[in-house]
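**Student:**
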Ligand code: DGJ
């Protein structure tokens, strides 16, 4: 990840390369300015209006059931696994035929790719490691429990495991560079998937035991303060007390992943991240691990340990499978930090999560990707949607269809800190947004006409609002101008200091491919007298406000 000043260097580098007839576009990279992030793709900020495939769709023939879903959703990015077991089924013999098909078909379908490296760990387990790895405990040790019995999870202390995983990942990055350097279809890598260990705090094998009793490395001490004041330095237990086992395991896994990422980036320097199965973001104070989440995964409490141990990893991101609105917002709060960009690489595709598209994208995320976007006839209900057909993608498609024509503008506004987002809360209450000089008020379950108090006897409520379903994203594109998109919500904008406000223009329209705004109509009269009322058919509004 680079600070913005260094981007200039890479742009200059690109000019030189281009004139020499080499790479067509600069390599994707993450840049940071004032604590905000942009993923640069083809030299400009790019937000992923993404979709993640199901776990077993990573085979050339299986892709046939995937592309129609990606097209129906109107996604610009597909996240999909590349499994160690499929590229190195026999040790040392690499087969990249799936990667070749995937990349070629992604180009035909005009989407970018994020490849998910399912190596040593996929949801903490070894399922995606090749058979020659997962059944050879001698060479590729499993973690041991306190009684010395091997458990399901491969040990992060396994030197041979790390060597073998790294070799496969480097081979993959070498291949991607070879086939994609001139295209940049692959824009990011996820290294492993939802790592950590369920049910066990850490490895208790002699090697891990010895390391646990060593002093905490300086890099960790510098970044990670103990939640309870103990020794300033010493062993993990002395410094971190009851938190020590989780922290040590996080350090062990992060170091392992960091080595793999570093080796892969040395070959082809794509941005890389880790995802995690989250812990409760509302727990206050944050308690020591108690079998309540995967110990050692990049949960919010150990982001600093990952930063210290794995500098080749750009960020940690949450996978969100709890629809509770307070938890959803709190999770975003925990992961969006000046040193950690916001990205949601996985979220349930169930109906009650649709509203969060506006919240996540409005908060300036670089990636928003619901999971299981695929017509492979597998539903992960009750975690996700029951349907495995078009009805599952339609609600997202509607949203992506309004954003996509202005995706590059939106990406730039997000990087400039001009965007805001809300999702209807489970309490259905109105919410306010503090913008530069203006206050946005977003309310829900309103009719398009009139104020609630005019029609006290009307008990009807708008259709499709039985469950929280509203959301709004706003970009403040000038001091008094806004781009507004949303659904099932009423938007009002007032002067922050209370001066009377009037709409100057409320244009409904779209940005054309050349980036020019095209107005379809100007909302006025009934359409603006009671705020801007957004229905289940999202539109783009370009709004100007004034005071008198
Ligand atoms: C989170 C994992 O990262 C995904 O691969 C998938 O298994 C979902 N959980 C559940 O469908």
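Residue numbers (the working numbering): 1296 to 1843. Positions of the beta carbon are idealized from the N, C-alpha and C atoms, including for glycine.
Cβ of residue 1820 versus every heavy atom of the ligand DGJ: is any distance shorter than 7 angstroms?
**Tutor:** Result no, Cβ not under 7 angstroms from the ligand DGJ.
**Student:** For residue 1678, does the count of other Cβ atoms within 10 angstroms reach 16, so buried, or fall short, so exposed?
**Tutor:** Classification for residue 1678: exposed.
**Student:** Any heavy atom of the ligand DGJ closer than 7 angstroms to the Cβ of residue 1647?
**Tutor:** No, the ligand DGJ has no heavy atom inside 7 angstroms of this Cβ.
**Student:** Might you give, ordered along the chain, the residues of its own chain that have their beta carbon closer than 7 angstroms to the beta carbon of residue 1742, omitting 5 neighbours on each side?
**Tutor:** Result list for residue 1742: 1757, in chain order.
**Student:** Residue 1509 to residue 1529, Cα distance in whole Å?
**Tutor:** Cα-Cα distance, rounded: 8 angstroms.
**Student:** Just to check, is the beta-carbon of residue 1614 closer than 7 angstroms to a non-hydrogen atom of the ligand DGJ?
**Tutor:** Yes; taking the cut-off as 7 angstroms, the Cβ of residue 1614 has a heavy atom of the ligand DGJ nearer than that.
**Student:** Please tell me whether residue 1465 has its Cβ less than 8 angstroms away from any Cβ of chain D.
**Tutor:** Judged by its chain identifiers, the structure shown contains no chain D, having just a single protein chain.
**Student:** Which class does residue 1427 belong to by DSSP, given the choice of helix, strand or coil?
**Tutor:** Residue 1427: helix per DSSP, three-state reduction.
**Student:** What residues in its chain sit with their C-beta under 6 angstroms from that of residue 1583, if we drop five residues either side in the sequence?
**Tutor:** Excluding residues within five positions, the ones whose Cβ falls inside 6 angstroms are 1537, 1538.
**Student:** According to DSSP, simplified to helix, strand and coil, what is residue 1681?
**Tutor:** Here residue 1681 sits in coil by DSSP.
**Student:** With a threshold of 8 angstroms, are at least 3 pairs of Cβ atoms found where one atom belongs to the segment 1547-1555 and the other to the segment 1593-1604?
**Tutor:** Yes, the segment 1547-1555 is in contact with the segment 1593-1604.
**Student:** If you pair each beta-carbon of the segment 1351-1364 with each one of the segment 1653-1673, do three or more pairs fall below 8 angstroms?
**Tutor:** Taking 8 angstroms as the limit for Cβ pairs, the verdict is that the segment 1653-1673 does touch the segment 1351-1364.
**Student:** So is the beta-carbon of residue 1373 under 7 angstroms away from any non-hydrogen atom of the ligand DGJ?
**Tutor:** Residue 1373: no, Cβ never under 7 angstroms from the ligand DGJ.
**Student:** Residue 1524 to residue 1531, Cα distance in whole Å?
**Tutor:** Whole-angstrom Cα-Cα distance: 13 angstroms.
**Student:** Quick one: what does DSSP say residue 1300 is sitting in, helix, strand or coil?
**Tutor:** Because residue 1300 sits at a pLDDT of 39, beneath the cut-off of 50, its placement in the model cannot be relied upon, and the following sentence gives the value as read from the coordinates. Correct three-state label for residue 1300: helix.
**Student:** Pull up the distance between the alpha-carbon of residue 1275 and that of residue 1365, whole angstroms please.
**Tutor:** It is not possible to answer for residue 1275, since the shown part of the chain is limited to 1296 through 1843.
**Student:** Going by DSSP, what residue range makes up the beta strand (DSSP E) through residue 1520?
**Tutor:** No beta strand (DSSP E) holds residue 1520; DSSP gives it neither H nor E.
**Student:** Which partner residues does residue 1824 have in the DSSP bridge list?
**Tutor:** Answer is 1826, bridged to residue 1824.
**Student:** Within the present structure, is the beta-carbon of residue 1350 separated from the nearest heavy atom of the ligand DGJ by less than 7 angstroms?
**Tutor:** True, at least one ligand heavy atom lies under 7 angstroms from that Cβ.
**Student:** Please state the DSSP three-state secondary structure of residue 1376.
**Tutor:** The answer is strand: DSSP assigns residue 1376 an E or B state.
**Student:** Does the beta-carbon of residue 1641, which I'm using as the reference point, lie nearer than 7 angstroms to any heavy atom of the ligand DGJ?
**Tutor:** Answer for residue 1641: yes, Cβ within range of the ligand DGJ.
**Student:** Let me know the secondary structure DSSP gives residue 1317 once reduced to three states.
**Tutor:** Because the pLDDT of residue 1317 is 49, which lies under 50, any placement of that residue in the model is unreliable, and the number read from its coordinates should be weighed accordingly. Residue state, collapsed to three classes: coil.
**Student:** Report the option in 1346, 1323, 1804 whose CA atom is closest to the CA atom of residue 1814.
**Tutor:** Looking at the Cα atoms, 1804 is the closest of the given residues.
**Student:** Starting from residue 1332, follow its DSSP beta bridges and name the residues at the other end.
**Tutor:** Bridge partners of residue 1332: 1327.
**Student:** Scan the segment 1684-1723 and note each continuous beta strand (DSSP E) run of 3 residues or more that stays entirely inside, going in chain order.
**Tutor:** DSSP runs (the beta strand (DSSP E)) wholly in the segment 1684-1723: 1714-1718.
**Student:** Below 6 angstroms CB to CB, which residues in the same chain sit around residue 1514 once its five sequence neighbours on both sides are set aside?
**Tutor:** Hits under 6 angstroms: 1603.
**Student:** Name the DSSP beta bridge partners of residue 1656, please?
**Tutor:** None; residue 1656 has no bridge partner.
**Student:** For residue 1596 versus residue 1479, is the C-beta distance shorter than 8 angstroms?
**Tutor:** No, Cβ-Cβ distance for residue 1596 and residue 1479 is not below 8 angstroms.
**Student:** Cα-Cα, which of 1738, 1831, 1731 is closest to residue 1792?
**Tutor:** Here the closest residue by C-alpha is 1731.
**Student:** Distance, Cα to Cα, residue 1760 vs residue 1689?
**Tutor:** About 17 angstroms.
**Student:** With burial defined as no fewer than 16 other Cβ atoms inside 10 Å of the residue's Cβ, what is the status of residue 1387: buried or exposed?
**Tutor:** Exposed, by the Cβ-count rule.
**Student:** Assuming contact is defined by CB atoms lying nearer than 8 angstroms, are residue 1801 and residue 1829 in contact in what I supplied?
**Tutor:** No, the pair does not count as a contact, with Cβ atoms beyond the cut-off.
**Student:** Kindly indicate which three-state DSSP category residue 1661 falls into: helix, strand or coil?
**Tutor:** Residue state, collapsed to three classes: coil.
**Student:** What would DSSP say about residue 1750, mapped onto helix, strand or coil?
**Tutor:** Helix.
**Student:** For residue 1776 and residue 1799, I'd like the C-alpha separation in whole angstroms.
**Tutor:** Looking at the two C-alpha atoms, the distance is approximately 9 angstroms.
**Student:** Secondary structure at residue 1813, three-state DSSP: helix, strand or coil?
**Tutor:** Correct three-state label for residue 1813: strand.
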